[in-house]
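Asks:
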């Protein structure tokens, strides 16, 4: 096996990272369309334009490939949202005013909107995430894969709690930020149906900017409603 892999690395896989990225992009799209059980590694390899043994070489098996897709989505999400989250964490540590915290919260949601809706493969990722919760999808192998989502939830809940003067319980703060963030996630996960309701035939950059404007206004109203009277 070692000699075969050495031979493949020298002759069959001259651009390893490029090939891996191509396989992952193709897999996210196909897993999203068909589910984990609905597509074979051979079909993925054919769609990606690589030899079928490439899957085993780079990922070990189908489960390893699926896991790599999850890691890729989480890494991309972290890169997109981390700057805004870090700013919110700094504001919380500095005991910033409610207005600055609300602005920081809105910046997190806007960064998330760009990632969830604006990237070329955003639709494929949305379908993948929807399939992730289906019975045919394998379970997540690591709690680390939820690190980005947990960090967003914890940061947003902390902002809500701070704005309320810490008059909300932890559970109430989590409920508020879950419903606030749900404004965006419903469009991400059910983008086709929501598009019909809004009247969008496609999600364009201009429409994302309009969405972010509305998202900021509504989020500001909701968070201000939890300030101490």
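Numbering (full-length UniProt numbering), first residue to last: 1 to 229.
Where is the CB? At the ideal position from N, CA and C, for every residue including glycine.
Every value quoted in this text rests on a predicted model; they were computed, and no experiment measured them.
Starting from residue 78, follow the alpha helix (DSSP H) in both directions and report where the run begins and ends.
Replies: Taking the chain shown and counting its residues from 1, the one referred to as residue 78 is at position 78. Run containing residue 78: 62-93, per the alpha helix (DSSP H) assignment.
Asks: On the three-state DSSP scale, how would you describe residue 14?
Replies: Within the chain shown, residue 14 is the residue found at index 14, counting from 1. With a pLDDT of only 42 at residue 14, under the threshold of 50, the placement of this residue in the model should not be trusted; the figure read from the coordinates follows. Three-state DSSP puts residue 14 in coil, outside helix and strand.
Asks: If you run the structure through DSSP and keep just helix, strand and coil, what is residue 114?
Replies: As a first step, residue 114 is located in the chain shown; it is residue number 114 there, counting from the start. Residue 114 falls in the helix class under three-state DSSP.
Asks: Quick check: residue 109 and residue 184, are their CB atoms within less than 8 Å of each other?
Replies: Taking the first residue of the chain shown as position 1, residue 109 is located at position 109. Taking the first residue of the chain shown as position 1, residue 184 is located at position 184. The answer is yes: Cβ separation under 8 Å.
Asks: Compare the C-alpha of residue 129 against each of 37, 181, 69 and 88 and name the closest.
Replies: Locating residue 129 in the chain shown gives position 129, where the first residue counts as 1. Ranking the options by Cα distance to residue 129, first place goes to 69.
Asks: If you measure from the CB of residue 203, is any heavy atom of the ligand GTP nearer than 7 Å?
Replies: For the structure depicted, the ligand GTP is absent and the ligand set is empty, with no information on it obtainable.
Asks: Between residue 17 and the rest of its own chain, which residues show a CB-CB distance below 6 Å, the 5 nearest in sequence each way excluded?
Replies: Residue mapping note: residue 17 aligns to position 17 of the chain shown, counting from 1. Excluding positions up to five away in sequence, the list is empty.
Asks: Give me the residue from 159, 65, 217 and 189 with the minimum Cα distance to residue 19.
Replies: Position 19 of the chain shown, counted from the start, is the residue given in the question as residue 19. With distances taken between Cα atoms, residue 19 lies closest to 65.
Asks: Just how far apart, CA to CA, sit residue 125 and residue 177?
Replies: For this step, residue 125 is matched to residue 125 along the chain shown. For this step, residue 177 is matched to residue 177 along the chain shown. C-alpha separation (whole angstroms): 23 Å.
Asks: Can you tell me whether residue 144 is buried or exposed? The criterion is at least 16 other CB atoms within 10 Å of its CB, across all chains shown.
Replies: Stepping through the chain shown from its first residue, residue 144 is reached at position 144. The pLDDT assigned to residue 144 is 46, lower than 50, so where the model puts this residue is not dependable; a value taken from the coordinates is nonetheless given after this. When all chains shown are included, residue 144 counts as exposed.
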